[in-house]
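Chains as they are written, first to last, in our numbering: chain S, 15 to 433; chain U, -2 to 394. As structure tokens, the structure follows; a few thoughts come after it.
The structure is reproduced here in structure tokens:
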């Protein structure tokens, strides 16, 4: 009896999860695997359109003889890169009409014009002319003939489904001189964006964890940058930072803090002089990182605040009795308590910042030294139009991602062991 | 020790007062008033003097009278060193200094002799300073988005620091950008598309996720542990690695430029987190309730609908709100899949506006307000649910 119940339970469970599993499999897992397939192929954006045979029908009346009519079919292969095999053609005609001259490839039977064109190579074009005669010597009306549209069928090879593979994409990715630069930019962006968000998250959480007027309101406000749509925020920042008419530059010039406008999003390097030594700072990248911190510190804040509120008050009271000062209290009580949250937060944010696309794309489009791996996927795949290359870069991202995930789950496992 | 404490106290306090004044001055400058100097030296020195006086008076005077006198002194001083400024500016200075002195009114000479007084003071101010600065830094772009949408490009180019709102021109003229955005740029349609896509995603995700989450939380089956781990792993895969294959597949199937395609992708990407969040909540519902249901002759569907769903409404609302937010804000897939203006979502439409040559910035900002406002209103109104959704789902973002 119990085994029967267990069987029913099992079957119900599979039934309940099946739709979700199927959907996630087809939209998430299958694409990840097809990335591998595509990355070994030489596919371009224009190859994606499936080649099809096309015909444009022109109808021309013959003035000397209104009982005759001339039809021109402009035939072509829509693809510039692939051939179409076994092209078949079909068109319908009104009653009492017959062709006077017929191509060898065609047949006319019971008002139907049928042709078999065989194979069309890429870029194939042909004009097929046929003159028709009314069998009862009456005038032919153009309109009726125009109302029928020719139908064409043909077979073409889908470039995505053939078995030609190449290693060129990966060779290009790794040999690219900019690859090291690309990686370093990505890590620089990810690392500083993550650290900054966590530091500001800790500061904000420390503040909001105290009692003051308008605390709940403050908590909502702190989450605004994370909740609002990235498109709106990125364009607002772009306007604020604009070198000529942006508010920030104009304010700084107005208060004589700087002499001339600074192109915060368009300038790759800026030279800073600190203690007589010149430093080269990557300006646009730094600006993008600041935007990143501004947008994502609320999340760190939310996590850390939740943890802070769970810290027992007795710990602080005991510290007060011992005469600890605020800095000691923070270092010896607060920090150890939130360290676990911070490490997990760091890993998760690191993974996500590593894959961040929208923010940089909207702010700079990857120009002036802000090109990261995800931006490169887009540029290879859609700006340059090399789908295979874009996939190869995606694979590079996935490999890094798997390494990070491995570390992350090890970390989670360790935490679970400790508790 | 006492002298050092006195010095730190005065220095920190005055610096804090000055930064508050700076924020006010920046906001005033943005009203087109020709303010070109922060007067750092004078204001800072005078602030130090006033803080010292505050300490010396201590509690000898009624505290309310003390702070009003100090604030008035400070405002008059500021009024005399900066010429030709409107009265509301000085009134603002007065209110700010009132707020400031209200915060330090309780300090007197005895405070300085206490343990760690300078550190305590420092942290006290750091909190206040932090709150003000954080609010300013966060709200400033939102404020600029709003006021830019109410100006015109010509006026902004004339004086890039004048964001004053001219109410005299009448409401239709003031909100002209919004009329233009809805009428000429078709934002009504985009808003409808965005709403349909977001609501659709929420509904389909819930329909798929609730049964699956229930199975993972309650039923025993082979591969359950594997499934719950893979939910998390799948969730960590970013959209950018899905984009190229999905683009190729969707192009060949003719699913691009269709709302259905977008719905499928959004649902699939939010499904793992929805299942993850819901199963956690379902596990917390006492099993006895379901057993009672089984005794009453309910089948699995009945149990889900009559027992689980009513009990987990809070969790379902937070999942729904979170999914709605993700779908409403989503940008990458809408950029990839939509290239015909009649199928745009709001985010995509704004990006299209920006790429389009020379769209006046007030229209761009009006569009940004249109896409931001609904989500912020929903957030503030349902904050409790959304925050719990954010905390549970925030591994992604």
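Virtual Cβ for every residue (Gly too), placed ideally from N, Cα, C. Remember, predicted model here, so these are calculated numbers, not experimental data.
{"Asked": "If the cut-off is 8 Å on Cβ atoms, which residues from the stretch 242 to 258 of chain U count as contacting chain S, listed in chain order?", "Found": "242, 243, 244, 245, 246, 248 and 249"}
{"Asked": "So with CB distances below 8 Å, who are the chain U contacts of residue 224 of chain S?", "Found": "124"}
{"Asked": "Look up residue 195 of chain S in the DSSP assignment and say whether it is helix, strand or coil.", "Found": "helix"}
{"Asked": "Cβ of residue 100 of chain S within 7 Å of Cβ of residue 169 of chain S?", "Found": "yes"}
{"Asked": "Could I get the ranges of all uninterrupted beta strand (DSSP E) runs contained in the stretch 177 to 255 of chain S, with 3 residues as the minimum, in chain order?", "Found": "none"}
{"Asked": "For the pair the stretch 45 to 64 of chain S and the stretch 171 to 179 of chain S, tell me if three or more CB-CB distances fall below 8 Å.", "Found": "yes"}
{"Asked": "To the nearest angstrom, how far is it from the Cα of residue 418 of chain S to the Cα of residue 361 of chain S?", "Found": "8 Å"}
{"Asked": "Beta strand (DSSP E) containing residue 90 of chain U: first to last residue?", "Found": "Careful: residue 90 of chain U lies outside any beta strand (DSSP E), inside the alpha helix (DSSP H) at 84 to 101."}
{"Asked": "Identify the continuous beta strand (DSSP E) that holds residue 63 of chain S and give its terminal residues.", "Found": "No beta strand (DSSP E) contains residue 63 of chain S, which DSSP labels as neither H nor E."}
{"Asked": "Could you tell me which whole alpha helix (DSSP H) segments of length 4 or greater appear in the stretch 18 to 62 of chain U?", "Found": "37 to 54"}
{"Asked": "Looking at the unbroken beta strand (DSSP E) that takes in residue 309 of chain U, where does it start and where does it end?", "Found": "Here residue 309 of chain U belongs to no beta strand (DSSP E), and DSSP marks it neither H nor E."}
{"Asked": "Give the interface partners of residue 197 of chain S over in chain U, defined as CB-CB distance under 8 Å, in chain order.", "Found": "Correct list: empty, because the minimum Cβ distance to chain U is about 16 Å."}
{"Asked": "Tell me, please, which residues DSSP counts as bridged to residue 159 of chain U.", "Found": "U:28"}
{"Asked": "I'd like to know whether the C-beta of residue 24 of chain S is nearer than 7 Å to at least one C-beta of chain U.", "Found": "yes"}
{"Asked": "Is there a Cβ of chain U sitting closer than 7 Å to that of residue 369 of chain S, yes or no?", "Found": "yes"}
{"Asked": "Which residue comes first and which comes last in the alpha helix (DSSP H) that contains residue 147 of chain S?", "Found": "Where residue 147 of chain S is concerned, there is no enclosing alpha helix (DSSP H), although the beta strand (DSSP E) it sits in stretches over 139 to 148."}
{"Asked": "Can you tell me whether residue 325 of chain U is buried or exposed? The criterion is at least 16 other CB atoms within 10 Å of its CB, across all chains shown.", "Found": "buried"}
{"Asked": "To the nearest whole angstrom, what separates the beta carbons of residue 178 of chain U and residue 259 of chain U, a pair I think is in contact under 8 Å?", "Found": "Incorrect: roughly 22 Å between the Cβ atoms, too far for contact."}
{"Asked": "How would you label residue 62 of chain U, buried or exposed, when you count the other beta carbons within 10 angstroms and need 16 or more for buried?", "Found": "exposed"}
{"Asked": "Check each residue of the stretch 203 to 217 of chain U: if its Cβ is closer than 8 Å to any Cβ of chain S, include it; give the result in chain order.", "Found": "205, 206, 208, 209, 211, 212, 213, 216 and 217"}
{"Asked": "Counting along the chain, where does the alpha helix (DSSP H) carrying residue 355 of chain U start and finish?", "Found": "Premise fails: residue 355 of chain U is in no alpha helix (DSSP H) and is neither H nor E."}
{"Asked": "Using DSSP with H/G/I as helix, E/B as strand and the rest coil, what is residue 394 of chain S?", "Found": "helix"}
{"Asked": "Skipping 5 residues on each side, what residues in its chain have a beta carbon closer than 8 Å to that of residue 121 of chain S?", "Found": "127, 128 and 129"}
{"Asked": "Do residue 284 of chain S and residue 295 of chain S have their C-beta atoms within less than 7 Å of each other?", "Found": "yes"}
{"Asked": "Could you tell me whether the Cβ of residue 17 of chain S comes closer than 7 Å to any Cβ of chain U?", "Found": "no"}
{"Asked": "Going by the C-beta, is residue 340 of chain U closer than 6 Å to any heavy atom of the ligand FMN?", "Found": "Ligands in the displayed structure: none, and consequently the ligand FMN is not present."}
{"Asked": "Just the chain U side, please: which residues come within less than 7 Å of residue 49 of chain S by C-beta, in chain order?", "Found": "238, 241 and 242"}
{"Asked": "So is residue 151 of chain U buried or exposed if we call it buried at 16+ other beta carbons inside 10 Å?", "Found": "exposed"}
{"Asked": "Smallest Cα separation from residue 116 of chain U: which of S:391, S:337, S:110 and S:152?", "Found": "S:337"}
{"Asked": "Apart from the five residues just before and just after residue 79 of chain U, which ones in its own chain have a Cβ nearer than 7 Å to its Cβ?", "Found": "36"}
{"Asked": "Go ahead and pull the three-state DSSP assignment for residue 194 of chain U.", "Found": "helix"}
{"Asked": "The beta strand (DSSP E) that contains residue 328 of chain S, what's its start and end?", "Found": "Careful: residue 328 of chain S lies outside any beta strand (DSSP E), inside the alpha helix (DSSP H) at 327 to 335."}
{"Asked": "Hey, how far is the Cα of residue 108 of chain S from the Cα of residue 367 of chain U?", "Found": "56 Å"}
{"Asked": "Where does residue 173 of chain S sit, in a helix, a strand or coil, going by DSSP?", "Found": "coil"}
{"Asked": "Residue 187 of chain U: which of U:204, U:53 and U:337 sits nearest, CA to CA?", "Found": "U:337"}
{"Asked": "How about residue 33 of chain S: is its C-beta nearer than 7 Å to some C-beta of chain U?", "Found": "yes"}
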